[in-house]
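Under the numbering used here, read the sequence shown as residues 1 to 254, first letter to last.
No residue lacks a Cβ here, since even glycine has one placed at the ideal position from N, Cα and C.
Structure record follows, encoded as structure tokens.
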Amino acid sequence: MKVLLALLLVTSVLAAAKLHSNTTESDSSVYLTPDVDNAIVDSIQSRSTSTKPTLVIGSMTEVSESHRTFQIVSEAYRNLGYEVELLNLPYARSWYESNRGRIIDAELARTNEVISDGMIRIQVPYHYTSAVAYTNDPDFKPTSWEQLAGRRIDLVAGTNVLASRLGDIPWNPVTTIEQGFRRLANGRSEVFVVPGDIAAPVFEEMNLPNVYLVQPDLERWELYHYIHKSHEDLVEPLTEQIREIISRDQYAQH
């Protein structure tokens, strides 16, 4: 049965790829890359051989299992008897697959501004993120979204809350944070706006001398976990588990 399930899910991956083969170049870069589809197939095969109930949690490419959001969520699921697997995908692809609910069961962290008929928000904010700007102009120090007007701006595709703040200001989508930093370093863009806690380690590792972090942050948000509606029975116990973990950790810090 598990082998059959794996074959069916692999077929769905290929069908999704075919579905998006007629998208624009920028869209297809989000959905169709060998690395992305290989990661999905590996995840499917891993789940099919697991001896425990396993849920797959999607997130952007740069998030690791050591990130605090995953540590909190994975502990909550383990307390409910579930193993969890982190599936890293381009951010737009992750949300797309989470909403389908066929390969990914939950989305690790999003703000409360996302809207989806297929996903249920766990109503406990358990982490935060911020919008930060990087620039290749050391004299450009924007303190508001409006001050970005007139600049060539890159955003990671799928960071819809950032795009909403830009309004009518045009921007270019990139697939990964590393790609955004490369474009900025090479002068192909002037500003790169990203989630600060995810971008910081990538920026440090890349060591780009001509790219500068702008302070303070443009904006800050609380983050929530989202689970597909097919797992609606987990919403209440998962909410309680996350709340207990947050309360425990806050108590330990005092």
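The beta strand (DSSP E) enclosing residue i, as first and last residue numbers
{"i": "Ala-133", "result": "127-135"}
{"i": "Phe-203", "result": "Here Phe-203 belongs to no beta strand (DSSP E); instead the alpha helix (DSSP H) covers 196-206."}
{"i": "Trp-221", "result": "219-228"}
{"i": "Asp-255", "result": "Outside the displayed range of the chain (1 to 254) lies residue 255, so it cannot be described from this structure."}
{"i": "Val-84", "result": "83-89"}
Contact under 9 Å by Cβ, residue i with residue j
{"i": "Leu-223", "j": "Val-193", "result": "no"}
{"i": "Thr-54", "j": "Val-73", "result": "no"}
{"i": "Glu-113", "j": "Asn-160", "result": "yes"}
{"i": "Phe-140", "j": "Val-214", "result": "yes"}
{"i": "Ile-104", "j": "Glu-232", "result": "no"}
{"i": "Ala-149", "j": "Ile-169", "result": "yes"}
Helix, strand or coil at residue i [DSSP, three-state]
{"i": "Ile-103", "result": "coil"}
{"i": "Thr-111", "result": "coil"}
{"i": "Leu-32", "result": "Residue confidence for Leu-32 is low, a pLDDT of 48 falling below 50, so the modelled location carries little weight and cannot support an answer."}
{"i": "Pro-173", "result": "strand"}
{"i": "Leu-234", "result": "helix"}
{"i": "Ile-122", "result": "coil"}
{"i": "Thr-54", "result": "strand"}
{"i": "Ser-98", "result": "helix"}
{"i": "Ser-247", "result": "helix"}
{"i": "Glu-240", "result": "helix"}
{"i": "Thr-23", "result": "Reliability fails at Thr-23, whose pLDDT of 33 lies under 50, so the model's placement of it is uncertain and no value is given."}
Residues near residue i in its chain [Cβ-Cβ closer than 8 Å; skip 5 each side]
{"i": "Arg-243", "result": "Val-124"}
{"i": "Leu-111", "result": "For clarity, residue 111 is Thr in the given sequence; the question names Leu instead. Within the same chain, Thr-111 has close Cβ partners Thr-129, Val-161, Trp-221, Glu-222, Leu-223, Tyr-224."}
Boundaries of the alpha helix (DSSP H) in which residue i is found, first to last residue
{"i": "Arg-183", "result": "177-185"}
{"i": "Val-161", "result": "160-166"}
{"i": "Val-73", "result": "68-79"}
Given residue i as reference, the closest of the options once Cα atoms are compared
{"i": "Pro-90", "options": "Glu-205, Lys-141, Gly-58", "result": "Gly-58"}
{"i": "Gly-187", "options": "Gly-150, Pro-170, Thr-143, Asp-137", "result": "Asp-137"}
{"i": "Leu-80", "options": "Glu-219, Lys-52, Leu-86, Ile-104", "result": "Lys-52"}
{"i": "Ala-133", "options": "Asp-233, Glu-219, Gln-179", "result": "Glu-219"}
{"i": "Ile-115", "options": "Asp-233, Gln-250, His-228", "result": "His-228"}
{"i": "Asp-217", "options": "Asp-117, Pro-142, His-67", "result": "Pro-142"}
{"i": "Asn-207", "options": "Ile-198, Gly-196, Glu-178", "result": "Glu-178"}
Same chain only: Cβ atoms within 7 Å of residue i, ignoring 5 sequence neighbours per side
{"i": "Ala-76", "result": "Leu-238, Gln-241, Ile-242, Ile-245"}
{"i": "Thr-342", "result": "No information on residue 342 is available, as it lies outside the stretch 1 to 254 that the chain covers here."}
{"i": "Trp-171", "result": "Ile-153, Asp-154, Leu-155, Ala-163"}
Nonlocal neighbours in the same chain, by C-beta distance under 6 Å from residue i, ignoring five residues either side
{"i": "Ser-230", "result": "Gly-101"}
{"i": "Glu-107", "result": "Gly-58, Ser-98, Tyr-226"}
{"i": "Thr-176", "result": "Thr-61"}
{"i": "Tyr-82", "result": "Pro-53, Leu-55"}
{"i": "Thr-69", "result": "Leu-108, Ala-109, His-127"}
Cβ-heavy atom distance, residue i to the ligand GTP, below 8 Å
{"i": "Tyr-212", "result": "Among the components modelled here there is no ligand, and therefore nothing to report on the ligand GTP."}
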